[in-house]
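Heads up, the thing below is written out as structure tokens.
There are 2 protein chains.
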Amino acid sequence: MSFTYRHARPAVTVDCVVFGLDDELLKVLLIQRDREPFAGRWALPGGFVEAEETLAQAAQRELTEETGVAKVYLEQLASFGDPGRDPRDRVITVAYYGLVRRLDHAPRAASDARAVGWFPASRCPPLAFDHGEIVALARRRLQARLREQPVGFELLPRKFTLSQIQGVYEAVLGRPLDKRNFRRKLLATGVLRELAETQLGVAHRAARLYQFDAREYRARVKQGFHFEV
Amino acid sequence: MSFTYRHARPAVTVDCVVFGLDDELLKVLLIQRDREPFAGRWALPGGFVEAEETLAQAAQRELTEETGVAKVYLEQLASFGDPGRDPRDRVITVAYYGLVRRLDHAPRAASDARAVGWFPASRCPPLAFDHGEIVALARRRLQARLREQPVGFELLPRKFTLSQIQGVYEAVLGRPLDKRNFRRKLLATGVLRELAETQLGVAHRAARLYQFDAREYRARVKQGFHFEV
DNA sequence: ACCCCTTCGTGTCCAAACAACACCAAGGCT
DNA sequence: AGCCTTGGTGTTGTTTGGACACGAAGGGGT
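Protein sequences appear in the order of chains A and B. Per my numbering, residue 1 is the first one in the first sequence, and the count goes up by one each step. Per my numbering, residue 230 is the first one in the second sequence, and the count goes up by one each step.
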């Protein structure tokens, strides 16, 4: 029997919630839709899954097609499939969230995006479909992940100061942290490599630069180490 | 333009990883498939999403249709959609995981299940599709959830002893816990109501019964309380 | 009636982790 | 030279976490 075909098939899409940091403010990358439904509305970059790609590949591809942002750290968030979430038809979307170093990427609108922009994560414009809900979930997930996985570094340049990484945590968690306690705890994880360099071109004492040591991190994880801040 | 129809549509299914407890051993509810592909193989209960139901509803429905197990605590786990995970066709599945009080349910095979059975979570038979991978992820998620959300009670009768709930934690986490420390920590959360009753019909000193106080839990959460064991 | 066996229920101490807290140093700018 | 900004550093008191042992209760068996 053609069991496979007995059911009306929903369309399947992927959507990406991409976070970036800007002046210590957490922002989300959005596109302005060029087509109905919701033409002119801001929305998450995303689109239909093609036949021969994985879900994660589809997310990367759609993100790049619509915004020019490529090679991003992406992780699956959740799927949304309420009937009626898309007025056209039954559409089930698999949402991903990701983090980028904003300066490494210059988003440009393409594909069916009329424009691209960064918006404060806590104050997005009204979004198309149920994308507002997806962004809200992504923020909560990010907050939880940040404390248990070394993902905060993805928002910073490869070399960063301790003050910068503290800024990341404060921006995402939304509360100030104690400088001394934060440094002690983060350095105690042993996954930061202290560099010989310091900042350049700042109008005050230059801070030491650090780098996340992914190799060391993986080695420690293998031995049961659990990152936590 | 019929943008909606430009893409070959994958089929969308839901699958359920239902955990239950049995003699302090964590088990998973599986069905034996009656049809190709993988006829005769054990697999997760699940099936195609219908047009007018949410994903969560589809999960509950399929679970009940195939195993008779109804009204289960279910939570979305993740989606799996690699091309080739189903030999028939492109199939994307949204996986859910859930917890049941085993004594409240007497599974019976139905629909396209030839048989139903409970298997130790750490020693399942070879499973159809990528279901082994899904079970593995569900176990990891359950371990994490158990420590941060009061979900362990879902595996026990409504009234339980402290030794029983400790057994739940030991079964899921896979390691023994100290009785006095565990009790101190769990009671300190303040979400257990101590009942006037004790166990009946045991051949030794009867233990006091407790009940999870969901109302109190929600009230505390609203005030920023974070359950943790 | 007595003993036995099993499970219940309880408190202390030490170690580690955490939170609060303030001042001098460096270095560009005017 | 002095100013202004940010960098970098330790101690202390409090809280939390983990190790650890024994008498009490109560049904079963003799």
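Glycine included, each C-beta is placed from N, C-alpha and C at the ideal position.
Quick test of your reading: residue i and residue j, contact by CB under 8 Å. State the CB separation rounded to the nearest angstrom.
i: Gly275 (chain B); j: Thr296 (chain B); result: Wrong, their Cβ atoms sit about 10 Å apart, outside the cutoff.
i: Pro157 (chain A); j: Ala280 (chain B); result: Their Cβ separation, rounded to whole angstroms, is 48 Å, which puts Pro157 (chain A) and Ala280 (chain B) out of contact at 8 Å.
i: Ala128 (chain A); j: Phe38 (chain A); result: 4 Å
i: Ala339 (chain B); j: Glu294 (chain B); result: 6 Å
i: Leu255 (chain B); j: Ala350 (chain B); result: 4 Å
i: Leu44 (chain A); j: Asp22 (chain A); result: Not quite, the Cβ-Cβ distance comes to about 18 Å (not below 8 Å), so this is no contact.
i: Tyr326 (chain B); j: Arg369 (chain B); result: Not confirmed; about 10 Å, so no contact.
State the Cα-Cα distance for the pair residue i and residue j, rounded to the nearest angstrom.
i: Val246 (chain B); j: Arg331 (chain B); result: 14 Å
i: Ala324 (chain B); j: Leu200 (chain A); result: 50 Å
i: Gln261 (chain B); j: Val420 (chain B); result: 39 Å
i: Arg218 (chain A); j: Gly381 (chain B); result: 31 Å
i: Tyr439 (chain B); j: Gly453 (chain B); result: 24 Å
i: Ser308 (chain B); j: Glu197 (chain A); result: 44 Å
i: Glu194 (chain A); j: Asp315 (chain B); result: 48 Å
i: Ala138 (chain A); j: Leu55 (chain A); result: 17 Å
i: Phe182 (chain A); j: His236 (chain B); result: 49 Å
i: Lys179 (chain A); j: Arg374 (chain B); result: 31 Å
i: Phe212 (chain A); j: Val221 (chain A); result: 14 Å
i: Val431 (chain B); j: Arg413 (chain B); result: 24 Å
i: Leu306 (chain B); j: Lys300 (chain B); result: 18 Å
i: Ala207 (chain A); j: Arg215 (chain A); result: 24 Å
i: Asp359 (chain B); j: His204 (chain A); result: 56 Å
i: Glu53 (chain A); j: Gly81 (chain A); result: 20 Å
i: Thr189 (chain A); j: Phe119 (chain A); result: 32 Å
i: Arg114 (chain A); j: Asp104 (chain A); result: 22 Å
i: Gly40 (chain A); j: Gln60 (chain A); result: 23 Å
i: Tyr169 (chain A); j: Tyr398 (chain B); result: 31 Å
i: Phe3 (chain A); j: Arg108 (chain A); result: Unreliable positioning characterises Phe3 (chain A) in this predicted model, as indicated by a pLDDT of 48, which lies under 50. The coordinate reading is nonetheless provided below. Spanning the two alpha carbons is a distance of roughly 44 Å.
i: Met230 (chain B); j: Glu304 (chain B); result: For Met230 (chain B), the predicted model reports a pLDDT of 37, less than 50, meaning its position is unreliable; a value from the coordinates is still stated below. Each residue's Cα considered, the two are about 37 Å apart.
Shorter than 8 Å from the beta carbon of residue i to some beta carbon of chain A?
i: Phe454 (chain B); result: no
i: His334 (chain B); result: no
i: His236 (chain B); result: yes
i: Thr293 (chain B); result: no
i: Leu284 (chain B); result: yes
i: Phe267 (chain B); result: no
i: Val278 (chain B); result: yes
i: Glu281 (chain B); result: yes
How about residue i: is its C-beta nearer than 8 Å to some C-beta of chain B?
i: Asp82 (chain A); result: yes
i: Pro10 (chain A); result: yes
i: Ala43 (chain A); result: no
i: Ile134 (chain A); result: no
i: Glu228 (chain A); result: no
i: Val151 (chain A); result: no
i: Ser79 (chain A); result: yes
i: Gln76 (chain A); result: yes
i: Ile92 (chain A); result: yes
i: Phe212 (chain A); result: no
i: Ala128 (chain A); result: no
i: Phe3 (chain A); result: Bear in mind that a pLDDT of 48 at Phe3 (chain A), under 50, signals an unreliable position, so the model cannot answer this.
Leaving out five residues on either side along the sequence, give the residues of the same chain with a beta carbon under 8 Å from the beta carbon of residue i.
i: Cys124 (chain A); result: Val28, Leu30, Trp42, Gly132, Val135
i: Glu377 (chain B); result: His455, Phe456, Glu457
i: Gly165 (chain A); result: As written in the sequence, residue 165 (chain A) is Ile, which differs from the Gly given in the question. Result list for Ile165 (chain A): Gly152, Phe153, Leu156, Leu186, Tyr210, in chain order.
i: Asp89 (chain A); result: Pro10, Ala11
i: Pro126 (chain A); result: Arg41, Trp42, Gly132
Residue i and residue j: beta carbons closer than 8 Å?
i: Pro10 (chain A); j: Ile92 (chain A); result: yes
i: Ala287 (chain B); j: Val278 (chain B); result: yes
i: Gly117 (chain A); j: Glu24 (chain A); result: no
i: Gln372 (chain B); j: Leu402 (chain B); result: yes
Leaving out the 5 sequence neighbours to the left and right, which residues in its chain are closer than 7 Å to residue i when beta-carbon positions are compared?
i: Leu328 (chain B); result: Phe248, Tyr302, Val380, Glu383, Leu384
i: Phe160 (chain A); result: Leu209, Tyr210
CB-CB under 6 Å to residue i, same chain, minus the five flanking residues each way: which ones, in chain order?
i: Asp112 (chain A); result: Asp34, Arg35
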